[in-house]
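Trainee:
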Amino acid sequence: MFEYAPAPESRSVVDIASSYGLFIDGSFDGGKDGDVFKTINPATEEVLAEVATAGPEDVDRAVAAARRAFGSWSALPGAERAKYLFRIARIIQERSRELAVLESLDNGKPIRDSRDVDLPLVAAHFFYYAGWADKLAYAGFGPDPRPLGVAAQVIPWNFPLLMLAWKVAPALATGNTVVLKPAETTPLSALFFADVCRQAELPPGVVNIVTGAGDTGAYLVAHPDVDKVAFTGSTEVGREIARTVSGTGKRLTLELGGKAANIVFDDAPIDQAVEGIVNGIFFNQGHVCCAGSRLLVQESLFEPLIDSLKRRMATLRVGDPLDKNTDIGAINSAAQLARIRELSEIGASEGAERWSPECPLPDRGFWFAPTIFTGVTQAHRIAREEIFGPVLSVLTFRTPDEAVAKANNTPYGLSAGVWTEKGSRILAVADRLRAGVVWANTFNKFDPASPFGGYKESGYGREGGRHGLEAYLA
Amino acid sequence: MTVTVSAGLSDLRSFLHGLPGVDKVGVEARAAALATRSIKTSAKAHAIDLAIRMVDLTTLEGADTPGKVRALCAKARRPDPADSSCPPVAAICVYPAMVPVAAAALAGSGVHLASVATAFPSGQAPLEVKLADTRDAVAAGADEIDMVISRGAFLAGEYSRVFDEIVAVKEACGGAHLKVILETGELGTYDNVRRASWLAMLAGADFIKTSTGKVAVNATLPITLVMLEAVRDFRERHGRVIGVKPAGGIKTTKDAVKYLVLINETVGDDWLTPDRFRFGASSLLNDLLMQRTKLTTGHYAGPDYFTLD
Amino acid sequence: MPKTSKVVETATRLTVRKTYKLYIGGKFPRSESGRTFVADGDNVALASRKDARDAVLAARAAQPKWAGATAYNRGQVLYRVAEMLEARRAEFTALGVPADEVDAAVDRWVWYAGWSDKIAQVAGGANPVAGPFFNISAPEPTGVVAVVAPASLLGLVSVIAPAIVTGNTTVVLTAGPQVAITLAEVLATSDVPGGVVNLLTGRYAETAPWLASHDDVNALDLTGVDHPDLAAELERAAAGTLKRVIRPRTSPDFTADPGLRPMTALLETKTVWHPKGY
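Residue numbers (full-length UniProt numbering), protein chains in the order written: chain A, 1 to 474; chain B, 1 to 309; chain C, 1 to 278.
1. Please list, in chain order, all residues of the same chain as residue 339(B) whose beta carbon is under 6 Å from its beta carbon, the five residues on each side excluded.
2. Just to confirm the assignment, what range does the alpha helix (DSSP H) spanning Thr296(B) have?
3. Go through its chain and collect everything with a Cβ distance to Ala123(C)'s Cβ below 8 Å, but skip five positions before and after it.
4. If you check the beta carbons only, do Lys167(A) and Thr232(A) fall under 9 Å apart?
5. How about Cys290(A) and Phe159(A): do their beta carbons lie closer than 9 Å?
6. Any residues in the segment 262-278 of chain C with a beta carbon nearer than 7 Å to a beta carbon of chain A? Which ones, in chain order?
7. According to a CB-to-CB cut-off of less than 8 Å, which residues of the segment 28-58 of chain B neighbour chain A?
8. Quick check: Tyr472(A) and Lys228(A), are their CB atoms within less than 9 Å of each other?
9. Using CA atoms only, rank isn't needed, just tell me which of Arg292(B), His299(B), Tyr300(B) is closest to Asp80(B).
10. Is Leu260(C) close to chain A, meaning its C-beta is less than 9 Å from at least one C-beta of that chain?
11. Going by C-alpha distance, which of Val288(A), Ile263(A), Pro269(A) is nearest Glu299(A)?
12. What would DSSP say about Gly108(A), mapped onto helix, strand or coil?
13. In angstroms with no decimal places, state the Cα-to-Cα distance between Ile145(B) and Ala117(B).
14. With 16 other CB atoms within 10 Å as the buried threshold, where does Ala212(C) fall?
15. Are the C-beta atoms of Ala173(A) and some chain B residue less than 9 Å apart?
16. What beta strand (DSSP E) runs, 3 residues minimum, are completely inside the segment 171-226 of chain A?
17. Leu427(A) versus chain C: which residues are under 7 Å apart at the beta carbon?
18. For a contact meaning CB atoms closer than 7 Å, what does Asp23(B) contact in chain A?
19. If the cut is a Cβ gap below 8 Å, which residues of chain C does Arg466(A) touch?
20. Given a cut-off of 9 Å, decide if Arg53(C) and Leu46(C) are closer than it, judged by their beta-carbon atoms.
21. Mind pulling the alpha helix (DSSP H) runs of 4 or more residues that sit fully within the segment 35-76 of chain B?
22. For residue 481(A) and Phe397(A), what's the separation of their Cα atoms in angstroms?
23. Ala281(B) to Arg244(C), Cα distance in whole Å?
24. Can you check DSSP and say which residues form a bridge with Phe133(C)?
25. Who are the Cβ neighbours of Ala99(C) in its own chain at under 7 Å, not counting the five residues just before and after it?
26. If you draw a straight line from the C-alpha of Ala139(A) to the C-alpha of Arg466(A), how long is it?
27. Do the segment 197-206 of chain A and the segment 35-54 of chain A touch if we need at least three Cβ pairs shorter than 8 Å?
28. Alpha carbon to alpha carbon, what distance is there between Ala32(B) and Gly26(B)?
29. For Ile145(B), write down the residues that DSSP places opposite it in a beta bridge.
30. Specify, as a first and last residue, the run of the beta strand (DSSP E) that Leu473(A) falls within.
31. Entirely within the segment 388-415 of chain A and at least 4 residues each: give me those alpha helix (DSSP H) ranges in chain order.
32. Determine, using beta-carbon pairs with one atom in the segment 370-384 of chain A and one in the segment 233-245 of chain A, whether at least three such pairs fall under 8 Å.
33. Compare the C-beta of Gly75(C) with all C-beta atoms of chain A and state if any pair is closer than 9 Å.
34. Can you tell me whether Gly202(C) is buried or exposed? The criterion is at least 16 other CB atoms within 10 Å of its CB, across all chains shown.
35. Measure from the C-beta of residue 494(A) to each C-beta in chain C and report whether the shortest distance is under 9 Å.
36. Should Trp271(B) be labelled buried (16 or more other beta-carbon atoms within 10 Å of its own) or exposed?
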């Protein structure tokens, strides 16, 4: 057997301070109340830093700073805003290894993903929207598109810096200023991004970062001087925000949960389909809103496909996120681990057959072995509820109509996958799927030029691409 | 199975065209992802020695002479004269005319002697010539034969002709192991690589090999991945284990380690042995030796400290 | 011990001059004809028809790979040109280019860098045909573009950048040799692959007709041609292989928003149909 020796990425490329304040009006300061929370490395449970909790007065200050900055920022020629964003993109490229290691430490994701997926996409997103800043009149939203004002942005913990990029880049390109709240379990990369803004000499107040938990976010999105709210996270919180914002005239975009169907027909390219299934559900520990968490397999292919899938899963390497050979890292938090465990127990108790490969897990930290459930039906809770972890529910179908009907039989509608070598079937199935992104013979592909967002309870509005500008333009 | 599929052209065609397709983007992405594995320290030392033991040290030039071949054989037996812990390579690979020289030079060493045959590299010769070529090489002492398939026939859809040729050459090999060169760089698609792999295995190949080393595209990671998937699936269906040999263009230790990772994570242990996997290479060996020395001495090695050939 | 160092210090230092050569295939060759002409006191390579032919070969050879690079990659390369031009701004002001024109030229590269992955989103899209078909139109580069360029730095950038951001490769005849070759030095240090931009210094009336009639050139940009008779002659020659011709009616204001036309004029639209059905 060819055992790989540990190949750890060096932690010394990133220098984490013991405590961090809020980034308001171009400088860091402690919160008004002096409240702090700890952010930990989920792979070791070690405390990485103490971070200030933004209270109401802090959020007020941040919004006021953004409001003050808005006038001159929005009045800048687009070409000048573009150059700030290009600078940010370049600095992110230059500091990408540092930021990747930081992201893996704070989030638990494998360094291979933060290095090869998150950070390149973050830089690319800023490059893409930098280019739009002086071309807004060509974007198809009228001859003189105007910014909205101050954008309140609340982002999740699964792709901390990438979700920041998805929010901040289009907002700034279109001339808005932002107050952004990162998730409380992953605040560090946003605070490092504040330093990127400083290096780029971005005017004070254009980007403000307030850290804290749900209360901070709730206060921010309810703030009367905010013109636009953008949220990525759970459908439950999204619903609350939609209620809060209703009647205020604020613009709102939501990118929420999902329960994507990954549909495999019997004429699929099998080996690549297996890769796509694995990537679809185990990428980023399954902490992906568009994860392919429901595998719909044509019955005639069921056994060979499941055999191949199990064989492939046995080669997945779970462990130290900083090891360059790790495929699956740590679950982001104790709370999320508890939720994954609970739903998995329910799956087993409801009669689905549970399987995981032999998989030694570290003693400390939050870990969950890659898991599949077979014998799942539409009636199982694990076929309906978002688990947000490395857990796949396998269902079967007989005909394309049945596959489409099952795929659509959910309140969610974020993404879907289709695997078949027949082009006309891909296009017909894609037409009928009620989902914002359909991947054919691939899965979990992202690009700044490509719009992303959901149907139904997966949210509204699109991020990315030309369409992503619309959410920030009057 | 073998008998039924060889029975008629239409059966063979429908079988080969009924194999699952290979998505180009997907297979290349998978190979590229595996190529990012980081193999360090003890794992690297293990990999380097394994790779040395898997090398088919090759010279296939019009200018080959007995002197050149003898020198290569000496190197095959003892790749690093300064380090007796360095293992010998798997085999020497030469043209049929050079087999007698190599056989003498390798006698008693345990290093296998492979000969290309069947009108290498084009395969464009009558069957009788190909068979005579094979018999001569075996009679002169080759215990492994690297044959080329008729790509022209394959691309023209004459699958049974290709099949029958392989069967005939296998028979001419007698006890010698048969490696079937698909010349994947001329097949055009991954689907064809998968079909040609199955065709060769069904016809009796002991090994399937990517390339002659004489065309623009030789061994690549995704092509080898498709071939590894084929031998994996073939064993599942027929129980017989077929070896794989990427050849041409593998020049560095880094390259070789990527192939070992590919094996490890596609087909596993059973193929991590020179009996089941070979590298057709020449300059690779010296890079392996330099990296091996770097691991033991702790500093980078230079080419002047390793033997030519 | 003789004291010579003082002498060296006090003597006036003689400057090392630059040789202005052509820029073809990423290299800086002299004209194959061995000819030069004097421009502002410098001996500058005088391109021949054979240099033009070599430049077209270089542009054609570079085109598939350049067009095949991702739009993101092409955008990064153009942004790198802006970075390098900004860094070498003093070289251009020393040649007499006004500082604000250098600024505008840098910003023009930035503007076009951003178009690389957006032009298809503005110029292409899904077509709702009446039937069960997927139907999508996307722009593709036309191929090799011969450019008779304006003399100013901003003018030169304004004709080269839209041609290459869209995936074309270019053969550019220039009238301001020092500025053009200094720009070539910017391009050569900016990750622009050799052959994507080829710059020839010389006489339009001598060289341009060979490009206008060249069968392996797909488009002809006549923005820099001042003489109407020459322009008409070149257009006629271009008609032989139905080259796409850019011929502005009035002399363009390069400080204005260029709009989409400089890019779309050098793009083909490809429409793909595919049935939809189980």
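Glycine is no exception: its CB is placed at the ideal position from the N, C-alpha and C atoms.
Computed from a predicted model, the values in this text were never measured in an experiment.
Mentor: The relevant details are as follows:
1. Nothing can be reported for residue 339(B), as the shown portion of chain B is limited to 1 through 309.
2. 284-297
3. Non-local beta-carbon contacts of Ala123(C) in its own chain, meaning distances under 8 Å to residues more than five positions away in sequence, involve Pro139, Leu260, Met263, Thr264, Leu267, Thr269 in chain order.
4. yes
5. The answer is no: Cβ separation not under 9 Å.
6. Listed by position along the chain: His274, Pro275, Lys276, Gly277, Tyr278.
7. Ala29, Arg30, Thr36, Arg37, Ser38, Ile39, Lys40, Thr41, Ser42, Ala43, Lys44, His46, Ala47, Leu50
8. yes
9. Of the candidates Arg292(B), His299(B), Tyr300(B), the one whose C-alpha sits nearest the C-alpha of Asp80(B) is Arg292(B).
10. yes
11. Comparing Cα-Cα distances from Glu299(A) to each of Val288(A), Ile263(A), Pro269(A), the minimum goes to Ile263(A).
12. coil
13. Answer to the nearest angstrom: the Cα atoms are 7 Å apart.
14. buried
15. no
16. 177-181, 207-209
17. Phe134, His274, Lys276
18. Pro269, Gln272, Asn441
19. Lys118, Gln121, Val122
20. no
21. 41-53
22. There is simply no residue 481(A) to check, as chain A begins at 1 and stops at 474 in what is shown.
23. 50 Å
24. Pro275(C)
25. Thr93
26. Computed Cα separation, rounded: 6 Å.
27. no
28. 10 Å
29. Ser115(B), Leu178(B)
30. From DSSP, Leu473(A) is part of no beta strand (DSSP E); its letter is neither H nor E.
31. 400-408
32. no
33. yes
34. Gly202(C) is buried by the Cβ-count criterion.
35. The requested residue 494(A) is not part of the displayed model; chain A covers only 1 to 474.
36. buried
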